[in-house]
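Input: a single structure, listed below in structure tokens.
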Amino acid sequence: MKTPVIVTLSSSPVVAEGLASVIRAASTIPGATVIETDEENAVKTVAERRADIVVGDNWILGPEMVAALRDAAEGELAVVALTWSMLPEQTASVFDATISIFDTPAKIAAVIEKCCPNPDEESRKELSPREKDVIIGVVKGLSNKEIADSLNVSTHTVMTHRRNIAAKLQIHSPAGLTIYAIVSHLVNLDEVKDTI
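Going by the working numbering, the first residue of the sequence shown is number 115, and it counts up by one from there.
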């Protein structure tokens with residue numbers, strides 16, 4: 115299960131550090147990695163650290179900055195605006211959520227927790243198309259060599275994919291992968307009837 119990576123972005127070092135402290139102390143977001151950055155390095159930080167959430171001053175997070183951050187993100191990126199006053203509805207619509215500088219730590223943590231990726235969805239989204247092909251081969255009862263031949267890769271590559279699949283899904287048996295493949299619609303039950 116991937117722990118969330120949260121980037122804080124503020125023009126005030128005191129606010130950035132306070133926000134990071136509140137997030138780290140929140141028991142509802144266990145193990146979150148919190149990274150403080152500035153406007154100049156925000157896009158680079160989101161890309162390099164594979165951020166899930168950005169929490170920052172609403173005046174820094176204009177529409178262009180939000181678009182650049184989302185483009186830099188590896189997957190979906192939630193953007194939470196830290197406001198100092200009321201925002202017009204059109205401005206607030208750019209963000210996934212808003213928090214106020216006057217909110218309690220519990221409320222801030224609750225809003226950020228709602229933006230955290232769902233671990234089950236995250237696991238499914240992280241599978242690459244090649245890993246899905248390997249799962250299909252395993253479900254069809256093919257050996258590592260047969261899967262490698264059908265995908266035009268080495269046996270070593272197939273074994274690496276299988277290790278990655280096991281780590282991502284926490285499934286370590288062909289039977290478990292078969293159930294996963296059927297439930298996730300990677301294979302049709304009719305296709306694998308003879309192998310199970």
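No residue lacks a Cβ here, since even glycine has one placed at the ideal position from N, Cα and C.
On a Cα-Cα basis, can you pick out the residue from the options that is closest to residue i?
i, options, result
"residue 184", "199, 171, 167 and 242", "167"
"residue 217", "118, 305, 133 and 127", "133"
"residue 254", "304, 283 and 228", "304"
"residue 242", "231, 208 and 283", "283"
"residue 130", "156, 300, 145 and 258", "156"
"residue 140", "278, 227 and 206", "227"
"residue 190", "290, 137, 161 and 285", "161"
"residue 164", "298, 188 and 259", "188"
"residue 126", "285, 176, 286 and 153", "153"
Going by other Cβ atoms of all chains shown within 10 Å of its Cβ, with 16 needed for buried, is residue i buried or exposed?
i, result
"residue 276", "buried"
"residue 124", "buried"
"residue 148", "buried"
"residue 200", "exposed"
"residue 313", "Only positions 115 to 310 of the chain appear in the structure, and residue 313 is not among them; the question remains open."
"residue 292", "buried"
"residue 223", "buried"
"residue 146", "buried"
Quick one: what's got a C-beta closer than 6 Å to residue i's C-beta in the same chain, skipping five residues either side?
i, result
"residue 295", "249, 253 and 301"
"residue 192", "167, 210 and 229"
In its own chain, which residues sit with a C-beta less than 8 Å from the C-beta of residue i, not counting the 5 before and 5 after it?
i, result
"residue 274", "none"
"residue 215", "129, 196, 197 and 198"
"residue 172", "195, 196, 197, 198, 201, 205, 209 and 212"
"residue 137", "120, 122, 143, 146, 148, 169, 222, 223 and 226"
Round the Cβ separation of residue i and residue j to the nearest angstrom and send it over; I've been treating them as touching at under 8 Å.
i, j, result
"residue 194", "residue 229", "6 Å"
"residue 151", "residue 121", "6 Å"
"residue 251", "residue 268", "Not really, about 14 Å apart at Cβ, beyond 8 Å."
"residue 272", "residue 280", "With a Cβ gap of about 13 Å, residue 272 and residue 280 do not count as contacting."
"residue 278", "residue 245", "6 Å"
Ignore the nearest five residues each way along the sequence and tell me which others in residue i's own chain have a CB closer than 7 Å to its CB.
i, result
"residue 247", "265"
Alpha helix (DSSP H) segments (min. 4 residues) lying fully within the stretch 217 to 261: Here the runs fully enclosed are 219 to 229, 233 to 239 and 243 to 253.
Completely contained beta strand (DSSP E) runs for the stretch 159 to 207, where each covers 3 or more residues: Fully enclosed beta strand (DSSP E) runs of 3 or longer: 167 to 171 and 192 to 197.
Ordered list of alpha helix (DSSP H) runs contained in the stretch 261 to 298, each at least 4 residues: As far as the stretch 261 to 298 is concerned, its whole alpha helix (DSSP H) runs of at least 4 residues are 269 to 283 and 288 to 297.
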